[in-house]
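Engineer:
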Amino acid sequence: MSSKSVKLPIIAFPSTAELVPEPVGLVLVISSWNFPFGLSLEPLIGAIAAGNVVVIKPSELAPASAAVLAETIPSYLDNKAIKVIQGGPSVCQQLLQLKWDKIFFTGSAEVGRTVMAAAAKHLTPVIMELGGKCPAIVDSLSSSWDRQMAMKRIIGGKFGTCAGQACIGIDYILTEKKFAPILVEQIKVLMKNIFGENPVEAKSMARIVNKHHFLRLKQLLDDPLVKSSIVVGGSLDENHLFIEPTVLVDPPLNAPIMKEEIFGPLLPIITLDIIEESIDFIKDRPKPLTIYAFTKNRRLRQRLISETSSGSVTFNDTIVQYAADTMPFGGVGESGFGRYHGKFSFDAFTHEKAIANRNFLTDFWFRLPPWSDYKLQLFKSVYRFDYLSLLLITLGLKKSWS
Amino acid sequence: MGSKDAKKEEAFDAEAARSLVNDLRGRFASGKTKSCEWRVSQLKAMLKFTNEHEKDIIDALRSDLSKPMVESFITEIAMLKASCEFTLKGLKRWMMPEKVKTSITTFPSSAEIVPEPLGVVLVISAWNYPFLLALDPVIGAIAAGNAVVLKPSEIAPATSSLLAKLVGEYMDSSAVKVVEGAIPETSALLEQKWDKIFYTGNGKVGRIVLAAAARFLTPVALELGGKCPVFVDSDVNVKVMARRVIAGKWGLNNGQACVSADHIITTKDFAPKLIDALKVELEKFYGNDPLKSEDLSRIVNSNHFARLAKLLDDDKVSGKIVLGGQIESKDLKIAPTILLDVPEDSLIMNEEIFGPLLPVITVDRLEDSFRSYNLKEKPLAAYLFTNKKKLKEEFVRNVSAGGLLINDIGLHLANPHLPFGGVGESGMGSYHGKFSFDTFSHKKPVLYRSFGGDASARYPPYAPWKLKLLKALLDGSIFGIIRALLGW
Chain H
159 MSSKSVKLPI IAFPSTAELV PEPVGLVLVI SSWNFPFGLS LEPLIGAIAA
209 GNVVVIKPSE LAPASAAVLA ETIPSYLDNK AIKVIQGGPS VCQQLLQLKW
259 DKIFFTGSAE VGRTVMAAAA KHLTPVIMEL GGKCPAIVDS LSSSWDRQMA
309 MKRIIGGKFG TCAGQACIGI DYILTEKKFA PILVEQIKVL MKNIFGENPV
359 EAKSMARIVN KHHFLRLKQL LDDPLVKSSI VVGGSLDENH LFIEPTVLVD
409 PPLNAPIMKE EIFGPLLPII TLDIIEESID FIKDRPKPLT IYAFTKNRRL
459 RQRLISETSS GSVTFNDTIV QYAADTMPFG GVGESGFGRY HGKFSFDAFT
509 HEKAIANRNF LTDFWFRLPP WSDYKLQLFK SVYRFDYLSL LLITLGLKKS
559 WS
Chain V
2 MGSKDAKKEE AFDAEAARSL VNDLRGRFAS GKTKSCEWRV SQLKAMLKFT
52 NEHEKDIIDA LRSDLSKPMV ESFITEIAML KASCEFTLKG LKRWMMPEKV
102 KTSITTFPSS AEIVPEPLGV VLVISAWNYP FLLALDPVIG AIAAGNAVVL
152 KPSEIAPATS SLLAKLVGEY MDSSAVKVVE GAIPETSALL EQKWDKIFYT
202 GNGKVGRIVL AAAARFLTPV ALELGGKCPV FVDSDVNVKV MARRVIAGKW
252 GLNNGQACVS ADHIITTKDF APKLIDALKV ELEKFYGNDP LKSEDLSRIV
302 NSNHFARLAK LLDDDKVSGK IVLGGQIESK DLKIAPTILL DVPEDSLIMN
352 EEIFGPLLPV ITVDRLEDSF RSYNLKEKPL AAYLFTNKKK LKEEFVRNVS
402 AGGLLINDIG LHLANPHLPF GGVGESGMGS YHGKFSFDTF SHKKPVLYRS
452 FGGDASARYP PYAPWKLKLL KALLDGSIFG IIRALLGW
C-alpha cells in the first residue's frame, strides 16, 4: 500500500515524483461454478486488499456453494462494504446495467463478451479470466521414472481437477506416434491405482456439474469416428452425472471435441511424427490459458516459449502454477486479459496514481511565450539534457543547437 | 484514404480492413517483428524522419492547428524524440525475461516472466497533438514487437497525410501501416479482431471502441480527458503560479489538451489577486490583442469553434467574463477568456471545455472542495498550487485522477518514469517510457518443474493424511510438513 518513489532527470530538480496506489472504488466479481469458493474469494482478497467495496455474484450453477458464501461472508466480513448477490443470468444482467469501477469476470468467452459489452457503456475496465484448450506436450521420455511422474501429473491435471472442468486443466495431449502406445499403457496402469476399479464409488473424482454439460460432453463422443478412437473408459452414467475417465487416440481434428474446450474428463491424444510439430499445431489455434510440456529437451523448451503464445507455460507439471503467487495468473488473446494472484491481485484492483511535485524555485522561463528562436535553442538543449550546451547558449557562446 | 492519386482509389471498407489485418498477422507470424534488430531499426527510422522532416512536421501542425513553431517543437517533436531515445536505451533490458522467486509450495522449481508481443495492434489517435499522440503509442507497440496499424485523426488532415507519407517511406510497411480516413474507415477497422486497441480521444468514441473490442474480447487502453481542475491556495508565488497556469492552459494548444487546466478553484479572498496576476502575465505573453498573436493556436475546426461559442452564449455565463471573450470566427480564433463564478449547472461547468475559456470558481475553504470533488467524474489530471505540506497531503489523499501535479501544469507527462493514463471516465491503462512497452506486451509466466520430488498426496485415492500434508505444503510451513509426514 505504500507509495513508490520515482526517479527524475536532473533537469527536473528539485522536484519529486511518486506512485500512490488507491482503490478504484466499487468492484463486481462474477465467478464461475467449477471452483466456486476459490474463484470468488481469491479476487475478493485482491479487491479488499486494494481498499475497495465489493459485490460478489457467485455462479448459480453451484447453488450450494453460492448459498454458503451468501451466509458466511456477511457474518464474518463488513457487510456494509462486501456483499454477495445470488442469482442467474437475469440478476447478472441487472447488475451489469449499473456503473462499476472494475469488473472481474471468470467464466466462458461467450458470457465474457456480454459482460465486456455492458461494461463498455460505462467505460468500466474489466479483467477476463477465460479458458481455452490447454495442450500438454509429452515428449518421448526415456526414463521410466520420468514417464511415471509425467503421467501421474497429467492424470492428476486432467481428471483430478474437477473431472477436467478447469480452465487450466489439460485439454488434450500432443505426443509422437512412436511414444503414444507407451503413454496409453502407462495411463491404464496408473488410472487403476489412482481411481480404482469403480471411480464413482471411490469418490475420487468429481461429477459433471449439471445435465446440460453432461449432454454436451456425451455429444462430443457421439460421432462414430470419435467413438472409435476411445482406448480407455468411455462409459457414461446419466443418473449420477458421471463420466468415466476417458482417453482417445487421434480423434478427427475437425470434430467438436478437438475444436471446442472440452471441460470434462475426456482426454484426446494427438500423435505427431516428431514432437517439434507440436509448436505449429499450437500456433495454428487460439491462444490457451496455459501450455504444458513434459520434456527435458532444452531446445524444444526454448522454442516453445519464444514461438507460441499463451497465458503461461509450465514445464513438467500441471496445475501447480496456480499456487505460485509470485507468478501472475491470467490469459492472453482468447484466454482473456488481466491477471491476479499474490500482489497482482492487489494491483488488479488498484489505480496507481502518478504524483509529481514541483516547487516555485526553479523555472524554465524559456518555455513561456512570446516565443523566439533564442528560447527555442535553449529548449533544445534542455530536452536533450545537454547541460553544457544550455550553459554555453545562456552565456552567448553557442548560437544554435546542431 | 488520404490524397487522390492518378489511379482509382478504392474505398477502405471492411473487406479491405480484413485483408489488411490478415496480411499483418502473416507478417507477425513470420517472427520478423519479434527480433530486437527489427524493433531498433523501426525506432531509429522514426527518429530519422522526425529529424529530417522537422520543417514539414511544423508546417503540417501550423496548417492543422495554427500551432506556433516553438510550441510544436516543444510539445510534439521534442517529446516524440525523447520518447524514442528513452525506448531505444531501455529496450534490450525490457525485453529480457525477469527471474521470479518461487515458494516451497512448488519446490523444487524455478520461474521467470517472459515479455512477448500481443500480435497485431491498432492505434487510433487524436487531433490535438496529432503528431505526438499518433507516434508515441506506436513506439510502444513496436518496442514490444507487434505489427501496428495507425489511424491518425482526420480532423488534422495535413498531419495525417504527412504521417502516412513518412511512415510509408521510412518504416517497414509490411508491418507498420497508416490507414487514413474518418468514420467509415475507423468503423471498418473496428470490425476486425485486434490483439490490442489503443485509443486517444473522447469518452463518447471511447465507448464505441470498447464496445467493438468487446466482440472479440480485445484488451483496450483508453486515453481520454476530463475537466482537469486547478486548486490554487493563497500562499503561493503569484507571478510564477500565474505563468505556469497560462503555460498550462493557453500554452497547450490554446486549451485544447487533455491535461490542460480546465478550470480554477480558489478562495473568495484570493480570486481577485489571482485574476489580476493572470491578466498581467497574459498581456506579457500574448500582447494586448491576443487574437493577433502568433503564439496561440487556433481552434481546430468550425464544429469545435461553434461548440465553444455556445458555451459562452448563456447569459448567466457571458455576464461572468472578466477578461477576453473576443472571438473571430473567420480565423477560428478565440481570445484567452477568464470567467468568474459561473453557475454550477451551466454547460461550461459540465463538459470538458477543451478551449481557451478558463472559469474561476471561488470557495470558502480549499480543503472542503477536495472532498466534494470526489463526487465528480475522475479527470485525467488534477493540479494544486500551494506551499503547505498538509494541503498537499490532503489533496493526494482525497482527489482521485489519472495523475496529480503540484505547483505546475502538464509537466508530469514529460517524465517517462511516471505512467500516464486515466481512471474512471478519463480512461484505462497507461503508457510513456517502459509503461508503453508493458501496455503492448503479454508478460508470460514460465514455471520449470523437475521430475524429481513429488507428493503422492496430490493424487487420488484421497485420504485424511493427504489432506493434512497438502495443507502444510500450501501453508509453506516446514514444521507442518514434517508433522504431517510423521503422521501427527
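In the order they appear, the protein sequences are chains H and V.
So the first sequence is residues 159 to 560, counted in my numbering.
So the second sequence is residues 2 to 489, counted in my numbering.
Think of the CB as a built atom: it goes at the ideal place given N, C-alpha and C, for glycine as much as any other residue.
Remember, predicted model here, so these are calculated numbers, not experimental data.
Determine, using beta carbons only, whether Y449 of chain V comes closer than 8 angstroms to chain H.
Structural biologist: Mapped onto the second sequence, residue 449 of chain V falls at position 448. It does; some Cβ of chain H falls within 8 angstroms.
Engineer: Hey, is L134 of chain V's beta-carbon within less than 8 angstroms of any beta-carbon in chain H?
Structural biologist: Your numbering for residue 134 of chain V matches position 133 in the second sequence. No, L134 of chain V does not count as interfacial toward chain H.
Engineer: Taking the DSSP output, what are the residues bridged to V361 of chain V?
Structural biologist: By 1-based counting over the second sequence, the position of residue 361 of chain V is 360. Paired residues: V:I265 and V:L341.
Engineer: Can you confirm whether F50 of chain V, when its beta carbon is compared against all beta carbons of chain H, has any partner nearer than 8 angstroms?
Structural biologist: By one-based count along the second sequence, residue 50 of chain V stands at place 49. With 8 angstroms as the cut-off, F50 of chain V does not count as an interface residue toward chain H.
Engineer: Restricting to runs no shorter than 3 residues, where is the beta strand (DSSP E) found entirely within the region 241-320 of chain H?
Structural biologist: 260-264, 284-287 and 293-296, all fully within the region 241-320 of chain H.
Engineer: Excluding the five sequence neighbours on either side, which residues of its own chain have a C-beta within less than 6 angstroms of the C-beta of A110 of chain H, listed in chain order?
Structural biologist: Nothing about residue 110 of chain H can be read from this structure; chain H reaches only from 159 to 560.
Engineer: When you check each C-beta in the region 402-414 of chain V against every C-beta of chain H, which residues fall closer than 8 angstroms?
Structural biologist: Listed in sequence order: A402, G403, G404, L405, L406, I407, N408, D409, L412 and H413.
Engineer: Can you list, in chain order, the residues of its chain whose CB lies under 6 angstroms from that of L424 of chain H, leaving out five sequence neighbours each side?
Structural biologist: Within the first sequence, residue 424 of chain H is the residue found at index 266, counting from 1. For L424 of chain H, where only same-chain residues beyond five positions count, the Cβ hits under 6 angstroms are T404.
Engineer: Alpha carbon to alpha carbon, how far is A46 of chain V from E38 of chain V?
Structural biologist: The residue given as residue 46 of chain V occupies position 45 in the second sequence. The residue given as residue 38 of chain V occupies position 37 in the second sequence. Straight-line Cα distance between these residues: approximately 12 angstroms.
Engineer: What first and last residue would you give for the beta strand (DSSP E) that runs through H370 of chain H?
Structural biologist: Position 212 of the first sequence, counting from 1, holds the residue named residue 370 of chain H. Element bounds for H370 of chain H: not the beta strand (DSSP E) but the alpha helix (DSSP H), K369 to D380.
Engineer: Would you list, in sequence order, the uninterrupted beta strand (DSSP E) runs of no fewer than 3 residues that lie entirely inside the region 377-464 of chain V?
Structural biologist: DSSP runs (the beta strand (DSSP E)) wholly in the region 377-464 of chain V: 382-386, 404-407 and 442-450.
Engineer: Below 8 angstroms between beta carbons: does that hold for P380 of chain V and C229 of chain V?
Structural biologist: Locating residue 380 of chain V in the second sequence gives position 379, where the first residue counts as 1. Locating residue 229 of chain V in the second sequence gives position 228, where the first residue counts as 1. A contact, by the Cβ cut-off of 8 angstroms.
Engineer: With a threshold of 16 other CB atoms inside 10 Å of the CB of T34 of chain V, please say whether the residue is buried or exposed.
Structural biologist: Sequence index remark: in the second sequence, residue 34 of chain V carries index 33 (1-based). Result: buried.
Engineer: Any idea if V318 of chain V is buried or exposed, counting beta-carbon neighbours within 10 angstroms, 16 or more meaning buried?
Structural biologist: Residue numbering aside, residue 318 of chain V sits at position 317 when the second sequence is read from its first letter. That one is buried.
Engineer: Just to confirm the assignment, what range does the alpha helix (DSSP H) spanning A18 of chain V have?
Structural biologist: Walking along the second sequence from the start, residue 18 of chain V turns up at place 17. Per DSSP, A18 of chain V belongs to the alpha helix (DSSP H) from A15 to A30.
Engineer: Taking the Cβ atom as the reference point for each residue, do L358 of chain V and L312 of chain V lie within a distance shorter than 8 angstroms?
Structural biologist: On the second sequence, residue 358 of chain V is found 357 positions in, with the first residue counted as 1. On the second sequence, residue 312 of chain V is found 311 positions in, with the first residue counted as 1. Cβ distance < 8 angstroms, so L358 of chain V and L312 of chain V count as in contact.
Engineer: For V41 of chain V, decide whether its Cβ has a neighbour in chain H, counting only Cβ atoms nearer than 8 angstroms.
Structural biologist: The residue you call residue 41 of chain V lines up with position 40 of the second sequence. It does not: the Cβ of V41 of chain V has no partner Cβ on chain H nearer than 8 angstroms.
Engineer: Beta carbons nearer than 8 angstroms to chain V: which residues of the region 466-491 of chain H have them?
Structural biologist: The residues in question are S467, S468, G469, S470, V471, T472, F473, N474, D475, V478, Q479, A481, A482, D483, T484, M485, P486, F487, V490 and G491.
Engineer: Do you know offhand how far P465 of chain V's Cα is from M416 of chain H's?
Structural biologist: Here residue 465 of chain V refers to the residue found at position 464 of the second sequence. Here residue 416 of chain H refers to the residue found at position 258 of the first sequence. Taking the straight line from one Cα to the other gives about 37 angstroms.
Engineer: Per DSSP, what kind of secondary structure is G3 of chain V in: helix, strand or coil?
Structural biologist: Locating residue 3 of chain V in the second sequence gives position 2, counting from the first residue. Only weak support is given to the placement of G3 of chain V: the predicted model assigns it a pLDDT of 48, under 50, and the question is left unresolved by the model.
Engineer: Taking only three categories from DSSP, how would you classify L235 of chain H?
Structural biologist: By 1-based counting over the first sequence, the position of residue 235 of chain H is 77. Coil at L235 of chain H, not helix or strand.
Engineer: Counting only beta-carbon separations shorter than 8 angstroms, does F518 of chain H have a partner in chain V?
Structural biologist: Residue mapping note: residue 518 of chain H aligns to position 360 of the first sequence, counting from 1. Yes, F518 of chain H lies at the interface with chain V (some Cβ there is under 8 angstroms from its Cβ).
Engineer: If K321 of chain V and L341 of chain V are in contact, beta carbons under 8 angstroms, what's the gap, nearest whole angstrom?
Structural biologist: For this step, residue 321 of chain V is matched to residue 320 along the second sequence. For this step, residue 341 of chain V is matched to residue 340 along the second sequence. With 8 angstroms as the limit, K321 of chain V and L341 of chain V qualify as a contact, their Cβ atoms being about 5 angstroms apart.
Engineer: Run the CB neighbour count on K165 of chain H, radius 10 Å, all protein chains shown included, and call it buried at 16 or more, exposed below.
Structural biologist: Here residue 165 of chain H is taken as the residue at index 7 of the first sequence, counted from 1. Under this definition K165 of chain H is an exposed residue.
Engineer: Return helix, strand or coil for K9 of chain V, following the three-state DSSP convention.
Structural biologist: Here residue 9 of chain V refers to the residue found at position 8 of the second sequence. Because the pLDDT at K9 of chain V is just 42, under 50, the model does not fix this residue reliably, and the value given afterwards should be weighed accordingly. It is coil, neither helix nor strand.
Engineer: Give a yes or no on whether 8 angstroms exceeds the smallest Cβ distance from G354 of chain H to chain V.
Structural biologist: By 1-based counting over the first sequence, the position of residue 354 of chain H is 196. Yes, contact with chain V.
Engineer: Hey, does A413 of chain H have any beta-carbon neighbour from chain V nearer than 8 angstroms?
Structural biologist: Residue 413 of chain H sits at position 255 when you count from the first residue of the first sequence. Taking Cβ atoms only, chain V never reaches closer than 8 angstroms to A413 of chain H, which makes this a no.
Engineer: Can you name, in chain order, every residue of its own chain whose Cβ lies under 7 angstroms from the Cβ of S436 of chain H, other than the five neighbours on each side?
Structural biologist: The sequence position of residue 436 of chain H within the first sequence is 278, counting from 1. Cβ within range, chain order: I295, L332 and L430.
Engineer: Pull up the CB-CB distance for T363 of chain V and T268 of chain V, whole angstroms please, since I reckon it's below 8 angstroms.
Structural biologist: The residue you call residue 363 of chain V lines up with position 362 of the second sequence. The residue you call residue 268 of chain V lines up with position 267 of the second sequence. The Cβ separation is near 7 angstroms, so the contact holds.
Engineer: Any Cβ of chain H within less than 8 angstroms of the Cβ of A212 of chain V?
Structural biologist: For the purposes of this step, residue 212 of chain V is identified with residue 211 of the second sequence, where counting begins at 1. Yes, A212 of chain V lies at the interface with chain H (some Cβ there is under 8 angstroms from its Cβ).
Engineer: Can you check which of these residues, V:L66, V:N52, V:F232 and V:P461, is closest to Q257 of chain V by C-alpha distance?
Structural biologist: One-based indexing of the second sequence puts residue 257 of chain V at position 256. Q257 of chain V has its Cα closest to that of V:L66, out of V:L66, V:N52, V:F232 and V:P461.
Engineer: In the DSSP assignment, find the unbroken alpha helix (DSSP H) run with V407 of chain H in it and report its ends.
Structural biologist: As a position in the first sequence, residue 407 of chain H is number 249, starting the count at 1. V407 of chain H -> not in any alpha helix (DSSP H); beta strand (DSSP E) instead, spanning T404 to V407.
Engineer: Could you confirm whether any beta carbon from chain V is found closer than 8 angstroms to the beta carbon of M307 of chain H?
Structural biologist: Counted from its first residue, the first sequence places residue 307 of chain H at position 149. By this cut-off, M307 of chain H is an interface position.
Engineer: Could you tell me which chain H residues have their CB closer than 7 angstroms to the CB of Y463 of chain V, listed as they occur along the chain?
Structural biologist: As a working mapping, residue 463 of chain V is identified with position 462 in the second sequence. Chain H residues near Y463 of chain V: S362.
Engineer: Kindly list, in the order they appear in chain V, the residues whose Cβ is closer than 7 angstroms to that of F495 of chain H.
Structural biologist: Taking the first sequence and counting its residues from 1, one reaches residue 495 of chain H at position 337. Chain V residues near F495 of chain H: P220.
Engineer: Hey, how far is the Cα of V347 of chain H from the Cα of N455 of chain H?
Structural biologist: Along the first sequence, one-based indexing puts residue 347 of chain H at 189. Along the first sequence, one-based indexing puts residue 455 of chain H at 297. Approximately 26 angstroms between the Cα atoms of the pair.
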